[in-house]
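Residue numbers for the sequence shown follow our numbering, so the first one is 292 and each next one is one higher.
Note that the Cβ used here is the ideal one computed from N, Cα and C, for glycine as well.
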Amino acid sequence: MGVALVVASMTALSTALGDLAVATSATQSQLNWIVDGYTVALACLLLPAGAIGDRYGRRGALLTGLVVFALGSVAPAILHTPLQIIAGRAVAGVGAAFVMPATLSLLTVAYPKDDRMKAVGIWAGTAGSGGVFGLIGSGLLLRFWDWHAIFWSLGIAGLVIFALACTVSPSRDNAAPRIDALGAVLIGAAVAIAVAAILEAPNRGWEDPLVWGGIGAGVIIAALFGVVEFRRQHPLLDVRLFADPNFATGVAAIVVLFGATFGFFYIGMQYVQQIMGYSPLTTAIAFGPFMIPLGIFSALSFWYVPKLGLRLVLFIGTLLMAVGFACMYGLGLHSSYSQFAWPTLILATGIGICTAPTTSAIMGAVPDEKQGVASALNDTSREMGGALGIAVAGSILAGRYSHEIAPQLASFPPAVRGPATDSLAKAVEMAGQLGPQGAALAELSKTAFLTAMHASTIVMAVIVAAISILIGLWAPGRDGRQLRLVRRALSRAGVRHEGATRAPLTD
Numbered sequence: 292m293g294v295a296l297v298v299a300s301m302t303a304l305s306t307a308l309g310d311l312a313v314a315t316s317a318t319q320s321q322l323n324w325i326v327d328g329y330t331v332a333l334a335c336l337l338l339p340a341g342a343i344g345d346r347y348g349r350r351g352a353l354l355t356g357l358v359v360f361a362l363g364s365v366a367p368a369i370l371h372t373p374l375q376i377i378a379g380r381a382v383a384g385v386g387a388a389f390v391m392p393a394t395l396s397l398l399t400v401a402y403p404k405d406d407r408m409k410a411v412g413i414w415a416g417t418a419g420s421g422g423v424f425g426l427i428g429s430g431l432l433l434r435f436w437d438w439h440a441i442f443w444s445l446g447i448a449g450l451v452i453f454a455l456a457c458t459v460s461p462s463r464d465n466a467a468p469r470i471d472a473l474g475a476v477l478i479g480a481a482v483a484i485a486v487a488a489i490l491e492a493p494n495r496g497w498e499d500p501l502v503w504g505g506i507g508a509g510v511i512i513a514a515l516f517g518v519v520e521f522r523r524q525h526p527l528l529d530v531r532l533f534a535d536p537n538f539a540t541g542v543a544a545i546v547v548l549f550g551a552t553f554g555f556f557y558i559g560m561q562y563v564q565q566i567m568g569y570s571p572l573t574t575a576i577a578f579g580p581f582m583i584p585l586g587i588f589s590a591l592s593f594w595y596v597p598k599l600g601l602r603l604v605l606f607i608g609t610l611l612m613a614v615g616f617a618c619m620y621g622l623g624l625h626s627s628y629s630q631f632a633w634p635t636l637i638l639a640t641g642i643g644i645c646t647a648p649t650t651s652a653i654m655g656a657v658p659d660e661k662q663g664v665a666s667a668l669n670d671t672s673r674e675m676g677g678a679l680g681i682a683v684a685g686s687i688l689a690g691r692y693s694h695e696i697a698p699q700l701a702s703f704p705p706a707v708r709g710p711a712t713d714s715l716a717k718a719v720e721m722a723g724q725l726g727p728q729g730a731a732l733a734e735l736s737k738t739a740f741l742t743a744m745h746a747s748t749i750v751m752a753v754i755v756a757a758i759s760i761l762i763g764l765w766a767p768g769r770d771g772r773q774l775r776l777v778r779r780a781l782s783r784a785g786v787r788h789e790g791a792t793r794a795p796l797t798d
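Have a look at this one:
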């Protein structure tokens, strides 16, 4: 329940941003950070929070995180300026950073290794469904109350789960060393800078110095983190784990998996609302089928993964995701819901097939006493993937839309051209104020958006398909070993699964 709440909080505000903008006079940039401030705070603190849970107690980390999350969620309902709402969301993100890894690590240490995949499957299905629950819940609340109700409900839900979590058995690593403070600062800074820069890409463009400079700075700090951790006797994250093909495959696949998931939601929600004309609540319900294959395949992962092996499972799953994106190319201006639903089901099936196995691959490669850090890395990979998916899909969508519609606006007043070029939502809003010319503007903007959406979905399909092939070549199979040609290539390169010889240890 805790992880579902954390994920639901990421999507719940999507249906209320218009109301928030009117009530608080927030700019578009401020609206973006009301959503993204939560994500950045969550992502940059996951690894340190996971390590704190391992050392001082996972249940304590969960309970503390739930209280902080509840307070941060309620704050925007009381403090109404955009900056105050952003600050409250960031505080909620800090709390969520303690909740997310604690939920998974408490589960994995409570089950013997033979039964863990079942528990991880349930956790993964719950986490994946949380986003849709957030959309549906916020849509229902807005039918009867205003946007304040969303924040109140998140805070109350956090306190209810806190009461339930008090019954959970405590768990910790009794031999845990002191927290690697330098590593925590470095990885926190690297993730925060990189995620913030990536999230700005759809608005600023990839060529903006703040975007590529931020990503570059994040990569450099992450590389420094790797060097520091390699030399530590008690690192925050043992970077030698990436020499394990199961672990490395799990991390890489989760980035792709959540990049595809968030990219799909980013594209699909705009299509359903702006082209199909659905209300926020109807939009949320339209994505309901997404949860069905996700829940079924996550719960059954304990059965099919041992039979098929990680390589074949991830290859099939990612290939289905690519097919789902490609099928969205067939959507038009007058498509029915069923025409939208079946690409959604194909994509959701691929995501469902992959979700639990990738998490299990990461958790299974790490000893019990470090499950909090492993869970945190799993969650950090999710956040990085989600940010990349939105950035790639969003930047292609925005760039192609502007390219398509700008030459067709010469006959419209100058006051219309700028907003109409920015986004479909603004173009439709301006169309309602133009009288006879409004219908023409709406048609032009929707056609331009559809062309841009097709370009974005095809690019996403190609990227995911290419990664599917790479996973099919790299990932270990049912016997736990990589393909023979890969093993030979690695052997010739002198790479061993155990990793390179460690440098001298320091603290």
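Using the beta-carbon count (16 or more within 10 Å), is residue i buried or exposed?
| i | result |
| --- | --- |
| D327 | buried |
| Q565 | buried |
| E491 | buried |
| D406 | exposed |
| Q524 | exposed |
| V510 | exposed |
| F593 | buried |
| C457 | exposed |
| S396 | buried |
| S364 | buried |
| A387 | buried |
| G623 | exposed |
| D437 | exposed |
| P571 | buried |
| G799 | As shown, the chain starts at 292 and ends at 798. That puts residue 799 outside it, with no answer to give. |
| T372 | exposed |
| D535 | buried |
| E498 | exposed |
| R463 | buried |
| F435 | exposed |
Pull up the DSSP beta-bridge partners for residue i, would you.
| i | result |
| --- | --- |
| R272 | There is no way to answer for residue 272, as the model of the chain reaches only from 292 to 798. |
In chain order, what residues of the same chain lie with their CB nearer than 8 Å to the CB of residue i, ignoring the 5 residues before and after it?
| i | result |
| --- | --- |
| I452 | M292, G293, L296, L357 |
If you drop the 5 nearest sequence neighbours on each side, which residues of the same chain put their C-beta closer than 6 Å to that of residue i?
| i | result |
| --- | --- |
| L591 | none |
| A752 | A613, F616, A617 |
| G608 | G641, I644, C645 |
| Y692 | A739, F740, A743 |
| P710 | K717, M721 |
| P367 | I376, G379, F442 |
| F533 | A539 |
| F553 | G677, G680, I681 |
| V298 | A418, G421, G422 |
If you drop the 5 nearest sequence neighbours on each side, which residues of the same chain put their C-beta closer than 7 Å to that of residue i?
| i | result |
| --- | --- |
| Y402 | A410 |
| F516 | G474, L477, I478, A481 |
| M560 | S305, T574 |
| Y270 | As displayed, the chain neither begins before 292 nor continues past 798, which places residue 270 out of reach and without an answer. |
| V519 | L473, G474, L477 |
| D659 | V400 |
Mind checking whether residue i and residue j have CB atoms under 8 Å apart?
| i | j | result |
| --- | --- | --- |
| L605 | P648 | yes |
| I470 | R346 | yes |
| L426 | T306 | yes |
| T540 | I760 | no |
| S686 | G496 | yes |
| F581 | A488 | no |
| I325 | L311 | yes |
| A415 | S589 | yes |
| V719 | A733 | yes |
| F389 | L432 | no |
| G348 | P468 | no |
| M654 | T399 | yes |
| G663 | G344 | yes |
| Y569 | V563 | yes |
| A393 | Y329 | no |
| N537 | L601 | yes |
| G449 | A361 | yes |
| S736 | L764 | no |
| G341 | A731 | no |
| L599 | L338 | no |
Would residue i pass as an interface residue toward chain B - the criterion being a Cβ-Cβ separation below 8 Å?
| i | result |
| --- | --- |
| H745 | Looking at the structure shown, chain B is missing, and only one protein chain is on hand. |
Fill in: contact_flag[the segment 663 to 671, the segment 627 to 645] where n(CB pairs < 8 Å) is 3 or more
Contact between the segment 663 to 671 and the segment 627 to 645 is absent: fewer than three C-beta pairs spanning the two stretches fall below 8 Å.
Worksheet entry | Sufficient close CB pairs (3 or more, under 8 Å) joining the segment 365 to 379 to the segment 440 to 447 | Taking 8 Å as the limit for Cβ pairs, the verdict is that the segment 440 to 447 does touch the segment 365 to 379.
Practice prompt. Please confirm if the segment 547 to 565 is in contact with the segment 695 to 709, defined as three or more CB-CB distances below 8 Å between the two stretches.
Written response: Fewer than three beta-carbon pairs drawn from the segment 547 to 565 and the segment 695 to 709 are found closer than 8 Å, and the two stretches are therefore not classed as touching.
Worksheet item: Looking at C-beta atoms only, is the number of pairs between the segment 507 to 515 and the segment 716 to 728 that lie closer than 8 Å three or more?
Response: Segments in contact, no.
Practice prompt. Evaluate the contact criterion for the segment 676 to 690 versus the segment 414 to 423: three or more CB pairs, one atom per stretch, below 8 Å.
Written response: No, because fewer than three Cβ pairs between the segment 676 to 690 and the segment 414 to 423 fall closer than 8 Å, the two stretches do not touch.
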